[in-house]
Amino acid sequence: MAGLELLSDQGFRLDGRRPHELRKIQCKMGVFKQADGSAYIEQGNTKALATVYGPHEVTGSRSKIEHDKVLINCQYSMATFSTGERRSRSKGDRKSQEMQLHLKKTFEAAILTQLYPRSQIDIYVQILQADGGNYSACVNAATLAIIDAGIPMKDFVCASTAGFVSDTPIVDISYLEESQGGPELVVALLPKSDQIVEFQVNSRLHLDNFENVLDMAVKGCKDIHAVLSRAVKENVSELASHMNKT
Amino acid sequence: MKVIVSAAEKQFINSAIASGKRLDGRDTYDYRKVRITYGTERGCCEVQVGETRVLAQTSCEVVKPSGARPSEGMLHINLELSPMASPTFEPGRMSSLGVELNRLLERSVRESKAVDTESLCIVVGVKVWQVRVDLHALNFDGNLLDCSSIAAIASLHHFRRPEVTVSGEQVTIHSLEDREPVALSIHHMPICVTFAFFQEGKYLLVDPSDREESVMDGTMVVCMNIHRELCTVQMTGSMLLLKDQLSRCCQIAIVKVSEITEVIKSALANDAQARKEGRKHGFAESKVSSRITTGHMEEQTIPIKKEVDGSGSEDEMEDEEEEEEANGGREETQNGSDVKIDSPGVGTIGEGLRNTWGVPTEDSDDNGQDTIMEEKATTEADDKRGGKQELPEEPLDKPKYKAEVKAMESDSEEEETVVIGSEPVHNRVEENSTKLQEGELDLSLALKTASSSGGQRRKGTSRKKQKTGPK
Chain A
1 MAGLELLSDQ
11 GFRLDGRRPH
21 ELRKIQCKMG
31 VFKQADGSAY
41 IEQGNTKALA
51 TVYGPHEVTG
61 SRSKIEHDKV
71 LINCQYSMAT
81 FSTGERRSRS
91 KGDRKSQEMQ
101 LHLKKTFEAA
111 ILTQLYPRSQ
121 IDIYVQILQA
131 DGGNYSACVN
141 AATLAIIDAG
151 IPMKDFVCAS
161 TAGFVSDTPI
171 VDISYLEESQ
181 GGPELVVALL
191 PKSDQIVEFQ
201 VNSRLHLDNF
211 ENVLDMAVKG
221 CKDIHAVLSR
231 AVKENVSELA
241 SHMNKT
Chain B
1 MKVIVSAAEK
11 QFINSAIASG
21 KRLDGRDTYD
31 YRKVRITYGT
41 ERGCCEVQVG
51 ETRVLAQTSC
61 EVVKPSGARP
71 SEGMLHINLE
81 LSPMASPTFE
91 PGRMSSLGVE
101 LNRLLERSVR
111 ESKAVDTESL
121 CIVVGVKVWQ
131 VRVDLHALNF
141 DGNLLDCSSI
151 AAIASLHHFR
161 RPEVTVSGEQ
171 VTIHSLEDRE
181 PVALSIHHMP
191 ICVTFAFFQE
201 GKYLLVDPSD
211 REESVMDGTM
221 VVCMNIHREL
231 CTVQMTGSML
241 LLKDQLSRCC
251 QIAIVKVSEI
261 TEVIKSALAN
271 DAQARKEGRK
281 HGFAESKVSS
291 RITTGHMEEQ
301 TIPIKKEVDG
311 SGSEDEMEDE
321 EEEEEANGGR
331 EETQNGSDVK
341 IDSPGVGTIG
351 EGLRNTWGVP
361 TEDSDDNGQD
371 TIMEEKATTE
381 ADDKRGGKQE
391 LPEEPLDKPK
401 YKAEVKAMES
411 DSEEEETVVI
421 GSEPVHNRVE
431 ENSTKLQEGE
441 LDLSLALKTA
451 SSSGGQRRKG
461 TSRKKQKTGP
471 K
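Taken in sequence, the protein lines are chains A and B.
FYI, the numbering used here numbers position 54 of the first sequence as 54, with every residue one higher than the one before it.
FYI, the numbering used here numbers position 355 of the second sequence as 355, with every residue one higher than the one before it.
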């Protein structure tokens with residue numbers, strides 16, 4: 001894998017994008033009938049599916065009931081066929097546990113938890129195809145699913161990744177760019193108020209470049225927000241038109 | 001078992017933080033004292049950050065490499081949170097805190113490529129070194145992550161692996177006696193710095209202690225090395241932050257990381273020196289063994305205010321282990337006269353409280369001070385307060401006693417029952433209530449009795465007075 005030119009001299013990345021360009025995003029809300037809210041998102045080759053159940057009574061251990069806010073239960077899993085090589089992953093895997101924790105913390109900060117005390121909201125996310133940016137795809141899919149379920153949130157939660165290659169910050173990194181070992185910055189943002197909900201830096205990134213890469217990631221989040229809000233509006237207008245017909 | 005923090009405690013800590021104060025007197029960006037001690041075995045190290053303690057041990061063995069990376073060795077880091085460290089840690093399955101800490105340590109040390117794994121290869125695809133760093137939390141007093149990351153790095157630098165020679169097909173792993181073991185190839189030292197946020201991200205503290213952690217909104221962990229490279233940054237807890245807060249944290253982290261790196265390097269150098277000179281090294285030597293008890297407190301500088309009727313004067317006092325001295329300095333007197341404090345740091349050794357059993361004793365000194373004071377006071381008419389003023393210097397006075405004194409003063413303006421030392425307070429009180437108009441009479445009597453008896457029986461004197469009182 002060494003010797004791959006992540007950024008060509010003309011400024012093109014491996015998949016032909018410019019450094020500031022996001023991958024193509026396609027999303028659909030309300031894909032499942034059973035779940036209260038569901039969504040499917042494709043960011044380039046990364047495909048993620050999210051379903052939301054709730055708010056409902058707390059199942060499982062009653063010791064986790066919180067008297068003043070809702071309990072958010074997240075589950076993250078990657079399908080065995082999602083990566084290049086078929087790999088069965090156990091549920092209790094440390095990395096997936098970490099991902100679950102981060103998703104939970106992210107949505108605890110964004111959902112208006114004090115509206116549903118002593119209840120539980122379940123968020124299940126499944127990665128069907130992993131090509132980099134797993135966490136951001138999960139967050140974006142879960143945001144759409146929560147909106148589909150009608151659970152009130154402070155704002156959209158939009159997540160994006162950014163990297164740094166040949167002195168240039170690049171946005172929305174794919175698996176190849178990720179695995180080269182370069183720095184990766186993941187940001188989840190509430191776009192209207194510019195508040196960062198979740199922030200992660202992996203691999204070595206020099207402090208001087210930190211600001212630029214962060215700005216690039218924030219810009220990426222805002223671009224994703226534009227796409228997601230358009231998708232929500234289309235969904236709502238479609239539903240409204242169906243209602244008007246009957 | 002969950003940590004239960006009372007609402008009053010939460011409010012107290014929050015308001016203290018809002019006014020820039022911390023419970024242990026640190027500044028907002030100060031770390032607690034970092035102490036690194038090495039054991040006799042290579043790779044064994046214990047790090048203390050304040051009261052939080054983590055023990056680290058590095059070990060290695062030869063294994064077959066993974067299929068994906070046949071030419072690289074492996075590095076595993078594992079942090080054990082046993083109930084020994086804190087009753088909130090449960091044995092068995094790893095809690096979410098454990099998962100989080102382990103992942104952060106993995107990311108900061110392993111995924112930042114601190115250790116050169118390619119140098120751990122012996123024979124490509126057949127044999128590689130697998131290095132394990134096992135961390136055990138011994139005592140939890142907040143900020144386990146920073147302590148663990150320092151321990152892991154210090155331990156990796158201290159560790160030596162056996163030397164290997166490969167000649168054609170033959171691989172020889174030399175034992176420790178055969179050849180001097182070889183240090184690991186470490187590129188940089190990633191150190192984690194934890195920032196705790198309070199009150200919706202308005203205030204931030206570095207190196208939160210246990211109490212502060214129970215009240216915080218969430219943390220941000222910035223892992224950097226001295227070359228100003230961010231190895232890992234992670235926000236934990238459900239908080240909303242702004243971009244400039246992140247930048248500020250990174251700026252503060254640089255300073256802290258360089259300080260801590262210095263501490264690690266000096267500890268390594270000291271240990272290397274000790275080993276070279278053949279001096280005794282290891283835990284037995286380097287551990288502070290003057291006290292085994294947990295009651296030992298660090299030296300602290302506590303600024304105290306002498307609050308006397310609004311006239312406040314700041315006094316810096318070195319407080320070794322008694323905080324009562326500080327209390328004594330702040331003693332208020334109701335009558336408004338100045339509280340005299342001897343030079344700061346004067347430690348009067350308490351000789352015990354006054355006997356309140358009513359049992360006659362020879363030396364019934366309430367102050368534990370010499371009788372000189374008493375005599376001084378007896379001569380000054382209005383000045384039994386003089387005697388009481390000496391009380392603030394008594395370091396181990398219980399508040400109960402002081403309260404009684406105050407009660408005494410309030411209703412005994414004219415009343416004399418002087419006999420400062422030998423008169424028990426409760427007796428005085430009852431006398432006061434009964435004989436307000438006969439103060440002077442009592443004074444003369446009291447003086448007589450005091451001078452004559454000195455250490456007379458209390459009951460005796462009081463009875464005498466009562467008999468002679470209403471005349």
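Ideal placement from N, C-alpha and C gives every residue a C-beta, glycine not left out.
Mind checking if residue i is an interface residue toward chain E, Cβ cutoff 8 Å exclusive?
i, result
"A:E238", "Any reference to chain E falls outside this structure, whose protein chains are A and B."
Let me confirm a value: residue i is counted as buried when at least 16 other C-beta atoms fall within 10 Å, else exposed. Which label applies?
i, result
"B:H136", "buried"
"A:P183", "buried"
"B:S108", "buried"
"A:R260", "This structure gives no information on residue 260 of chain A, because the portion of chain A shown stretches from 1 to 246."
"A:M243", "exposed"
"A:S136", "buried"
"B:E413", "Because the pLDDT at B:E413 is just 49, under 50, the model does not fix this residue reliably, and the value given afterwards should be weighed accordingly. Counting Cβ neighbours within 10 Å, B:E413 comes out exposed, since fewer than 16 surround it."
"A:Q120", "buried"
"A:D223", "buried"
"B:A18", "exposed"
"B:I153", "buried"
"B:P395", "At B:P395 the pLDDT is 44, less than 50, meaning the model places this residue with poor confidence; the figure from the coordinates comes in the next sentence. Result: buried."
"B:W357", "exposed"
Name the chain A residues whose beta carbon is nearer than 9 Å to that of residue i?
i, result
"B:S69", "Strictly speaking, residue 69 of chain B in this sequence is Arg, with Ser absent from that position. Chain A residues near B:R69: none, gap ~11 Å exceeds 9 Å."
"B:T117", "Near B:T117 there are no residues of chain A at all, since even the closest Cβ is about 12 Å away, more than 9 Å."
So which residues of chain A does residue i contact, with C-beta pairs closer than 8 Å?
i, result
"B:N102", "R94"
"B:R228", "H206, L207, D208"
"B:S96", "Q97, L101"
"B:R107", "N202"
Can you check which of these residues, the options, is closest to residue i by C-alpha distance?
i, options, result
"B:V133", "B:C147, B:S155, B:I122, B:S112", "B:S155"
"B:R93", "B:L104, B:R103, B:P87, B:L81", "B:L81"
"A:K91", "A:V70, A:Y124, A:R118, A:T59", "A:Y124"
"B:E41", "B:E111, B:R161, B:T165", "B:R161"
"A:K95", "A:A145, A:K222, A:M78, A:E108", "A:M78"
"A:Q75", "A:E57, A:E98, A:F81, A:H67", "A:E98"
"A:A110", "A:E85, A:L128, A:V70, A:D93", "A:V70"
"B:T58", "B:P65, B:V131, B:R22", "B:V131"
"A:G150", "A:N235, A:Q10, A:D215, A:Q180", "A:N235"
"B:G237", "B:S266, B:V206, B:G201, B:R211", "B:G201"
"A:V213", "A:H20, A:R13, A:E42, A:Y116", "A:H20"
"B:C44", "B:L268, B:R110, B:G25, B:T356", "B:L268"
"B:V123", "B:P87, B:E90, B:D146, B:S167", "B:S167"
"A:N134", "A:D172, A:Y116, A:P117, A:D148", "A:D172"
"A:S193", "B:L23, B:S66, B:L240, B:D217", "B:L240"
"B:H157", "B:S266, B:A68, B:V126, B:D146", "B:S266"
"B:D210", "B:K243, B:G50, B:E46, B:E61", "B:G50"
In chain A, which residues lie with their C-beta within 7 Å of the C-beta of residue i?
i, result
"B:T236", "K105"
"B:C250", "L207, F210"
"B:M239", "A109"
Run through chain B and tell me which residues come within less than 8 Å of residue i, C-beta to C-beta.
i, result
"A:F156", "Within 8 Å Cβ-Cβ: nothing; A:F156 doesn't reach chain B, min ~14 Å."
"A:Q195", "L240, L241, L242"
Residues of chain B with CB under 7 Å from residue i, in chain order?
i, result
"A:N140", "What A:N140 touches in chain B: nothing, since even the nearest Cβ is about 18 Å away."
"A:A203", "With the sequence shown as reference, residue 203 of chain A is identified as Ser, and Ala is not the correct amino acid for it. Within chain B, the residues near A:S203 are E111, S112."
"A:L176", "Those within 7 Å of A:L176 in chain B number zero; the least Cβ separation is about 15 Å."
Under 9 Å between beta-carbons, which chain B residues line up against residue i? List them in chain order, please.
i, result
"A:L190", "L240"
"A:F199", "M220, V233, Q234, M235, L241, L246"
"A:L214", "K243, L246, S247"
Stretch pair the region 265-280 of chain B + the region 140-155 of chain A: three plus CB contacts closer than 8 Å: Flag = no, the region 265-280 of chain B and the region 140-155 of chain A do not touch.
In the region 147-192 of chain B, which residue ranges form an unbroken beta strand (DSSP E) of at least 3 residues, counting only runs that do not cross its ends? When DSSP assignments are scanned along the region 147-192 of chain B, the uninterrupted stretches of beta strand (DSSP E) that are 3 or more residues long and fall wholly within it turn out to be 164-167, 170-173.
What alpha helix (DSSP H) runs, 4 residues minimum, are completely inside the region 198-261 of chain B? 210-215, all fully within the region 198-261 of chain B.
Is it a yes or a no for the region 30-44 of chain B touching the region 245-262 of chain B, going by three-plus beta-carbon pairs under 8 Å? With three or more CB-CB distances shorter than 8 Å, the region 30-44 of chain B counts as touching the region 245-262 of chain B.
Contact between the region 186-200 of chain B and the region 215-233 of chain B (3+ Cβ pairs under 8 Å): The region 215-233 of chain B and the region 186-200 of chain B touch, with three or more beta-carbon pairs separated by less than 8 Å.
With three or more beta-carbon pairs closer than 8 Å as the criterion, would you say the region 116-135 of chain A touches the region 43-51 of chain A? These segments touch.
Pairs of beta-carbons, one from the region 225-244 of chain B and one from the region 198-209 of chain A, closer than 8 Å: are there three or more? They touch, by the three-pair rule.
Suppose only complete runs of 3+ residues qualify. What are the beta strand (DSSP E) ranges in the region 45-95 of chain A, listed by chain order? Complete beta strand (DSSP E) runs here, min 3: 46-57, 71-78.
Counting pairs of Cβ atoms below 8 Å between the region 184-193 of chain A and the region 154-161 of chain A, do you hit three or more? When Cβ pairs closer than 8 Å are counted between the two stretches, the region 184-193 of chain A is seen to touch the region 154-161 of chain A, the count reaching three or more.
Within 8 Å, do at least three Cβ pairs link the region 110-117 of chain B to the region 172-191 of chain B? Yes, the region 172-191 of chain B is in contact with the region 110-117 of chain B.
Is the number of C-beta pairs between the region 240-252 of chain B and the region 168-175 of chain B that are closer than 8 Å three or more? Look at the beta carbons and you see the region 240-252 of chain B not touching the region 168-175 of chain B: under three pairs across the two are nearer than 8 Å.
Ranges of the beta strand (DSSP E) found wholly within the region 38-112 of chain B, counting only runs of at least 3: Counting whole runs of 3 or more residues, the region 38-112 of chain B contains the beta strand (DSSP E) stretches 44-49, 52-63, 74-80.
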